[in-house]
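A short write-up of the structure that comes next.
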Amino acid sequence: MNDRCVVVGAGTMGLGIAYVAAGAGYAVELVEVDRARGEAAVARLGELWDRAVGRGKLTAEQAATNRSRMTLRGALAEVAEGPDVVVEAVPERTDLKRTVLREAEALRPALLGSNTSSISIAELADGLARPDRFLGLHFFNPVWAMALLEVVVGPATAPETTDAAVALAGRLGKDPVVVRDMPGFATSRLGVTLGLEAIRMVADGVASPADVDKAMVLGYRHPVGPLELTDLVGLDVRLDIARTLQAAYGDRFAPPPLLVEMVAAGKLGKKSGQGFYRWENGVKA
Ligand code: NAD
1 MNDRCVVVGA GTMGLGIAYV AAGAGYAVEL VEVDRARGEA AVARLGELWD
51 RAVGRGKLTA EQAATNRSRM TLRGALAEVA EGPDVVVEAV PERTDLKRTV
101 LREAEALRPA LLGSNTSSIS IAELADGLAR PDRFLGLHFF NPVWAMALLE
151 VVVGPATAPE TTDAAVALAG RLGKDPVVVR DMPGFATSRL GVTLGLEAIR
201 MVADGVASPA DVDKAMVLGY RHPVGPLELT DLVGLDVRLD IARTLQAAYG
251 DRFAPPPLLV EMVAAGKLGK KSGQGFYRWE NGVKA
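So for the sequence shown, full-length UniProt numbering puts the first residue at 1; every next one is plus one.
Dropping the structure here:
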């Protein structure tokens with residue numbers, strides 16, 4: 001029987017994690033409470049595999065195999081015990097993640113990971129019976145294209161769990177960094193700093209979003225500017241991360257009012273069609 005991987009949340013990240021896990025031979029159960037979102041995610045996965053066939057990266061047979069490895073579930077209660085790995089990828093809210101992690105733990109997975117971008121692993125582990133089996137598995141967007149897996153080791157994480165996470169990274173074709181548990185880890189703390197400052201600069205009228213991005217791409221050789229990246233990540237996701245980091249490190253991470261206003265207006269970036277840029281069918285207009 002295939003090894004089993006459960007991914008909780010079929011949003012931007014859950015979809016990508018499911019994609020690479022199926023490609024690595026796992027039987028994937030994708031758990032999503034919003035039925036329409038879950039079905040859309042499975043349809044999108046099918047499109048991605050078709051596209052990979054069109055580009056000669058997969059055979060039609062491999063794509064069909066990947067598709068057959070994917071099962072959509074409406075709740076963790078529908079998942080059988082004993083998966084090899086569970087990756088939680090629900091929104092960046094401590095209470096929600098804790099609830100989901102406790103439910104996931106009841107399935108007795110060999111490895112339990114959270115895709116949190118910023119919340120401390122120790123905080124998320126609070127209430128878990130086996131915090132030794134739990135750590136951060138921070139994937140990057142889009143998961144199929146980004147090589148990095150940030151493995152975040154909590155104070156209670158067992159060394160075997162870290163080893164298992166590093167092995168998982170290898171199996172999924174990712175290159176891991178192992179970091180100590182501090183809010184924002186090694187990546188978000190720095191990346192979000194840049195994104196928030198870029199938003200403040202737009203609010204101050206320093207330059208247009210396109211010019212702020214162009215300055216960083218041409219002047220600093222960033223592959224993508226901080227505002228376009230914010231659109232790709234999701235403004236709502238970035239707002240949640242900023243609030244987590246503000247609570248941990250103080251007002252240097254206070255979300256700029258422009259970010260708060262845009263999220264309230266439903267301008268979430270690529271996924272809503274409008275952020276700092278306009279997006280049509282997933283492409284920057
Ligand atoms: P998202 O909002 O796109 O998706 C989250 C999904 O979880 C939604 O579809 C939601 O319906 C579902 N959900 C909510 N409660 C659930 C539950 N109890 N059971 C099952 N599904 C549930 O969010 P995202 O961008 O995929 O982010 C998910 C996590 O990954 C967050 O912690 C975020 O910080 C982190 N992350 C995001 C990015 C990024 O670029 N978006 C990158 C790295 C890490």
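No residue lacks a Cβ here, since even glycine has one placed at the ideal position from N, Cα and C.
**Report entry** Whole-angstrom distance between Ala-63 and Gly-25, CA atom to CA atom
**Finding:** 12 Å
Query raised in the report: So what's Asp-175 in DSSP terms, helix, strand or just coil?
Result: Three-state result, Asp-175: strand.
Query raised in the report: Just how far apart, CA to CA, sit Thr-99 and Leu-124?
Result: 9 Å
Query raised in the report: How about Thr-12: is its Cβ closer than 6 Å to a heavy atom in the ligand NAD?
Result: Yes; taking the cut-off as 6 Å, the Cβ of Thr-12 has a heavy atom of the ligand NAD nearer than that.
Query raised in the report: Counting Cβ pairs closer than 8 Å, one from the segment 115-130 and one from the segment 182-195, do we hit at least three?
Result: yes
**Report entry** Complete runs of the beta strand (DSSP E) confined to the segment 121-193 [at least 3 residues]
**Finding:** As far as the segment 121-193 is concerned, its whole beta strand (DSSP E) runs of at least 3 residues are 134-139, 148-153 and 175-180.
Requested in this report: With DSSP collapsed to three states, give me the class of Ala-210.
Outcome: The DSSP-derived three-state label of Ala-210 is helix.
**Report entry** Anticipated Cβ contact below 8 Å, Arg-69 with Ala-10, distance rounded
**Finding:** Incorrect: roughly 15 Å between the Cβ atoms, too far for contact.
Report task. Locate the beta strand (DSSP E) running through Glu-78, then write down its first and last residues. Result -> No beta strand (DSSP E) holds Glu-78; DSSP gives it neither H nor E.
Requested in this report: Take the Cβ of residue 286 as the centre, count every other Cβ of all protein chains shown within 10 Å, and call the residue buried at 16 or more, exposed below.
Outcome: The displayed coordinates of the chain run from 1 to 285. Any statement about residue 286 would go beyond what the structure contains.
Query raised in the report: Just how far apart, CA to CA, sit His-222 and Ala-198?
Result: 14 Å
Query - Between the CA atoms of Val-143 and Val-33 - distance to the nearest angstrom - result: Near 21 Å, if we compare the C-alpha coordinates of Val-143 and Val-33.
Query raised in the report: Ends of the alpha helix (DSSP H) at Gly-54?
Result: 35-54
**Report entry** Pro-226 Cβ short of 6 Å to the ligand NAD heavy atom set
**Finding:** In this structure, Pro-226 has its CB at a distance of at least 6 Å from all heavy atoms of the ligand NAD.
Query - Ser-114 in three-state terms, based on DSSP - result: Correct three-state label for Ser-114: strand.
Report task. Return yes when the C-beta of Gly-234 is under 6 Å from any heavy atom of the ligand NAD, and no when it is not. Result -> yes
**Report entry** CB contact flag (Gly-184, Leu-245, <7 Å)
**Finding:** yes
Report task. Quick one: which unbroken alpha helix (DSSP H) runs of 4-plus residues sit fully inside the segment 207-257? Chain order, please. Result -> 209-220, 226-233 and 235-249
Query raised in the report: Applying the criterion that 16 or more other CB atoms from any shown protein chain within 10 Å of the CB defines a buried residue, is Thr-230 buried or exposed?
Result: buried
Query raised in the report: Mapping DSSP to helix, strand and coil, what is Leu-107?
Result: If DSSP states are grouped into helix, strand and coil, Leu-107 belongs with coil.
Report task. Might you give, ordered along the chain, the residues of its own chain that have their beta carbon closer than 8 Å to the beta carbon of Ala-60, omitting 5 neighbours on each side? Result -> Val-53
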